Amino acid sequence: MYKVPSILRNNWILLTITTAIYVSGFVYGITSADPVNKSGSLNTTSSLIHLIDNNLLACGLIISGFFTFGLTTILYLFTNGLILGESIMNNLDFGVLKIVLLILPHGIFEIPALIVSGVIGFKGITLIPQLFHKKNISNFIKDYFTNILLLLIVVMLFIMISGLIETYLTPLFK
1441 MYKVPSILRN NWILLTITTA IYVSGFVYGI TSADPVNKSG SLNTTSSLIH
1491 LIDNNLLACG LIISGFFTFG LTTILYLFTN GLILGESIMN NLDFGVLKIV
1541 LLILPHGIFE IPALIVSGVI GFKGITLIPQ LFHKKNISNF IKDYFTNILL
1591 LLIVVMLFIM ISGLIETYLT PLFK
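Add 1440 to the 1-based position in the sequence shown for this note's numbering, that's all there is to it.
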């Protein structure tokens, strides 16, 4: 039986790498934001289905790195971090408290979903070397893809929770 702590423990290197890529994009977004050409308003409203679709698309693009040896994972993780950083900097006139209230409630689920998607995206790189070192390949492949399936379930749950919060709670702070 898989447990969340064991999934995290088994993927800690990839979690660290994906977090570093996302944070790098975030820092770059903060430092490169153009206060004159503001974009990415935090004060928009969308439907639940639109938010979930949009976030699942973002996660899917990050996960597509499984087939591109991590290239699209790097690109889309960095870009998502950059967009968040720029959005925060371009909306500072709302005040820090309002920005925190508009981002944090759903962001505590959405950002980890993006990062876990990055773990799945990098799994393609780890598959080939591990195949050569395993004795029982059929058990390894079963465990490997079970791990990916569980990570996908975590991503989908986090995106759904994030969408619910962003649709029904976040507007209370606008």
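Ideal Cβ positions, reconstructed from N, Cα and C, are used throughout, including at glycine. These figures come from a predicted structure and were not determined experimentally.
{"Asked": "M1441 to S1578 span [Cα, whole Å]", "Found": "Because M1441 carries a pLDDT of 49, less than 50, the predicted location of this residue cannot be relied on, and no value is offered for it."}
{"Asked": "Under the three-state DSSP convention, the category L1591 falls into", "Found": "helix"}
{"Asked": "Cβ distance (whole Å) where G1558 is taken to contact T1458 below 8 Å", "Found": "3 Å"}
{"Asked": "G1561: first and last residue of the uninterrupted alpha helix (DSSP H) it sits in", "Found": "1536-1573"}
{"Asked": "F1598 in three-state terms, based on DSSP", "Found": "helix"}
{"Asked": "Where the alpha helix (DSSP H) through T1508 begins and ends", "Found": "Per DSSP, T1508 belongs to no alpha helix (DSSP H) and is neither H nor E."}
{"Asked": "Contact belief for I1565 with F1509 at Cβ below 8 Å, rounded distance in angstroms", "Found": "5 Å"}
{"Asked": "K1575 to K1538 span [Cα, whole Å]", "Found": "55 Å"}
{"Asked": "Per-residue DSSP class, three states only, for L1498", "Found": "Leu is not the amino acid found at residue 1498; the sequence shown has Ala there. Of the three classes helix, strand and coil, the one that applies to A1498 here is helix, per DSSP."}
{"Asked": "Straight-line gap, D1583 to Q1570 (C-alpha atoms, nearest Å)", "Found": "12 Å"}
{"Asked": "Nearest candidate by alpha-carbon position, reference L1454, set L1612, T1610, L1567", "Found": "L1567"}
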